[in-house]
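Below is one structure; the comments refer to it alone.
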Amino acid sequence: MRIALFSDIHANLPALEAFFKDVDSRDTDAIYCLGDLVGYNIWPNEVIDQIWKRGIPTIAGNYDFGIGRSSDDCGCAYKTDDEKENGKVSIAYTNEIVKDDQRAYLRTLPAHIRLDFQLNDKPLSVLLVHGSPRRINEYLFEDRDEKSLLRIMEQAAADVMLFGHTHKPYHRLLNSVQTDGTGHYRHAINIGSVGKPKDGDPRGGYVILHIDADALASNKESITVEFIRFEYDVEAAAKAVEGSILPNAYAESLRLGK
Amino acid sequence: MKIALLSDIHANLPAFEAILEDLEKQQPDAVYCLGDFVGYNVWPNQVIGLVRKHGIATIAGNHDLKVAKIMPSEGDCSKEESSEYAYKLVGKKERDYLLTLPRHLRIEFQLNDQPLNMLLVHGSPRSINEYLLQDLPEQYMLELVREFKADILCFGHSHKPYHRVINSGENSIEHFHHLINTGSVGKPKDGDARACYVLITIDQTASTTTQDAVQVEFLRVKYDVEKAAKAVELSLLPNAFADNLRKAY
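Heads up: the sequence lines are chains W and B, in that order. For my numbering, count along the first sequence from 1 and bump the result up by 98. For my numbering, count along the second sequence from 1 and bump the result up by 524.
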């Protein structure tokens, strides 16, 4: 089974269209979206419409949660005063332009999706969340303490956990050893961002999860992740920001991938 | 949120194509399929090809797992009528697809600061083969939805669509559970030969204490039943399967 997972499009229509073109060429078995469709660019309605039209199973991101409720808080952790000011402009602008039907779509998105596999008669649980299983806006960065990350996954009964939110892709393999001494591998996978990467690479990013027909939690090789980067018209997305009342800093972020 | 659920296509390509056309009109927000892509007709590979092309999220049905045991014949071409023929037709790539499908899909909503869990299974949460028929005792169903934490339990397998609401609430606090049988796209057994699927609309006010915020609509779609029945008759499959399609039993 090859499952494509993407997230954090953030109203970047050129990036979303390039993503669809790329993923359609890769013959995957299913596609899921982990949220944050809107914010920071000018195409929130168009992005929602494209995902909607394809009937893609989608969970809510923190920005979707905020806009769905016409809130002025997106739950984002802005650090500097500039970031906070810019953030206010972005959420006010997004609230203003998102139409009723599209807002209703965001309002009723589910929080989590879980896929329960039973290959070889053994359970294998794949959990999709936006930030973390505990909070829609918790950042799970790559340098997270291993014990803390394991605890989060054990509490959520997740053998494979896929999430976005930080816009920085990674795959960490964790081993929670069982009482009988056998390995039980857990995979923590940040799937990166389609429309606002922050890892220094301005190309859009997503993942394809490969699950073997005989995949087991005790066999770490039976579950693998492919990180995919695709080119898109970054300039068109950056220019759209500059041509709007959105802060120009967002255009620069797109050009630099940060 | 408007969610379309399909199930029990059973290799019936004309029925599935008619449903896909209808989905274009309905424009649901998400589409899920509850398994049983194969068996009883001649187009398993074409059906799976379309499901994959449309990226429809899917779980396994009991017939899908049969391909692990029934392989294509390697000897001389058989001329013997057999229901096993339906599984022998399934291609290598399609077998791999069917045999790595998840068993259950759980969609957790938190629309009003409390969870509302939707669980998708093929037969029942306990077994891929169990029939959850409409007239099962309420106590049995209550135990099932409690054990598996399902506020909206969706399943197929019996090919007989229904929607039933039960209440597990205690101390005058209501807790509604929706039991939804999706019916069958490609082999209805409720006397109506048209293809069947279900649209579930989840309102933003939806919670376990509100009953009407989850609306369930069964859609019946006309398709070329004769084409599907003739395909059975021209194949090594038992002719009874054609009669099943024409009369929906």
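Using N, Cα and C, we set each Cβ at its ideal position, and we do this for glycine too.
- At a beta-carbon threshold of 7 Å, none of the residues of chain W lie near B:Phe-700; the nearest stands roughly 17 Å away.
- Counted as a single uninterrupted DSSP element, the stretch harbouring B:Asn-586 is not any beta strand (DSSP E) but the alpha helix (DSSP H) occupying residues 586 to 589.
- Residue pairing from DSSP places W:Gln-216 in a beta bridge opposite W:Pro-221.
- An exposed status is given to W:Tyr-176, since fewer than 16 other beta-carbon atoms sit within 10 Å of its beta-carbon.
- Nearest C-alpha to B:Glu-698 among B:Glu-541, B:Gly-585, B:Gln-735: B:Gln-735.
- At least one C-beta of chain B is nearer than 7 Å to the C-beta of W:Phe-215.
- Distance between B:Asn-695 and B:Thr-733, taken at the CA atoms: about 13 Å.
- Pairwise C-beta distances place the segment 623 to 640 of chain B in contact with the segment 214 to 232 of chain W, as three or more of them are shorter than 8 Å.
- Only Trp-150, Lys-151, Arg-152, Gly-153, Ile-154, Pro-155, Thr-156 from the segment 145 to 160 of chain W bring a Cβ to less than 8 Å from some Cβ of chain B.
- At a cut-off of 7 Å between beta-carbon atoms, W:Arg-212 makes contact with chain B.
- In the three-state DSSP reduction, W:Phe-325 falls in the strand class (E or B).
- Within a 10 Å sphere around the beta-carbon of W:Phe-117 sit 16 or more other beta-carbons, which makes this residue buried.
- Taking 8 Å as the upper bound for CB-CB distance, W:Ile-165 and W:Val-145 are not in contact here, some 12 Å apart.
- Going by DSSP, W:Ile-309 is part of no alpha helix (DSSP H) but of the beta strand (DSSP E) stretching over 302 to 309.
- For W:Arg-205, the residues of chain B that pass the 7 Å Cβ criterion are Gln-728, in the order they occur in the chain.
- Bounds of any alpha helix (DSSP H) do not take in B:Ala-528; it lies within the beta strand (DSSP E) bounded by 526 to 530.
- Annotation: the segment 544 to 601 of chain B contains the following complete segments of the alpha helix (DSSP H) (minimum length 4 residues), in chain order: 568 to 577, 586 to 589.
- Among the residues of the segment 121 to 132 of chain W, those with a Cβ less than 8 Å away from any Cβ of chain B are Asp-125, Thr-126, Asp-127, Ala-128, Ile-129, Tyr-130, in the order of the chain.
- Assignment of beta-bridge partners to W:Thr-156 by DSSP yields W:Cys-131.
- Around W:Arg-201, the same chain offers Ile-165, Gly-166, Ser-168 as residues with beta carbons nearer than 8 Å, after the five sequence neighbours per side are excluded.
- By the Cβ-count criterion, B:Met-595 is exposed, with fewer than 16 other Cβ atoms from all chains shown falling within 10 Å of its own Cβ.
- For B:Glu-632, the chain W residues whose Cβ falls inside 8 Å of its Cβ are Pro-208, Ala-209, His-210, Ile-211, Arg-212, in order along the chain.
- Contact annotation: in the segment 611 to 630 of chain B, residues whose CB is within less than 8 Å of a CB in chain W are Asp-620, Tyr-621, Leu-623, Thr-624, Leu-625, Pro-626, Arg-627, His-628, Leu-629, Arg-630.
- For B:Tyr-686, the uninterrupted beta strand (DSSP E) segment begins and ends at 686 to 691.
- Remark: C-beta atoms of B:Arg-688 and B:Cys-720 do not approach each other more closely than 7 Å.
- Cα atoms of B:Lys-590 and W:Lys-296: separation of roughly 46 Å, rounded to the nearest angstrom.
- Contact annotation for B:Arg-576 against chain W: Asp-125, Thr-126, Asp-127, Ala-128 [CB-CB distance below 9 Å, chain order].
- For B:Pro-552, the residues of chain W that pass the 7 Å Cβ criterion are Gly-153, in the order they occur in the chain.
- A residue is called buried when at least 16 other Cβ atoms come within 10 angstroms of its Cβ; W:Leu-271 does not meet this threshold and is exposed.
- Under the 10 Å beta carbon count, W:Lys-151 is surrounded by fewer than 16 other beta carbons and is classified as exposed.
- The Cβ atoms of W:Ala-315 and W:Leu-222 lie closer than 7 Å to each other.
- DSSP places W:Ala-116 in no beta strand (DSSP E) but in the uninterrupted alpha helix (DSSP H) bounded by 111 to 122.
- Listed by position along chain B, the residues whose Cβ is nearer than 8 Å to that of W:Ile-309 are Thr-624.
- Using a CB distance cut-off of 7 Å, W:Met-259 does not count as an interface residue toward chain B.
- Rounded to whole angstroms, the separation of the alpha carbons of B:Tyr-655 and B:Leu-623 is 21 Å.
- Two segments are said to touch when three or more pairs of C-beta atoms, one from each, lie closer than 8 Å; by this definition the segment 668 to 687 of chain B does not touch the segment 605 to 624 of chain B.
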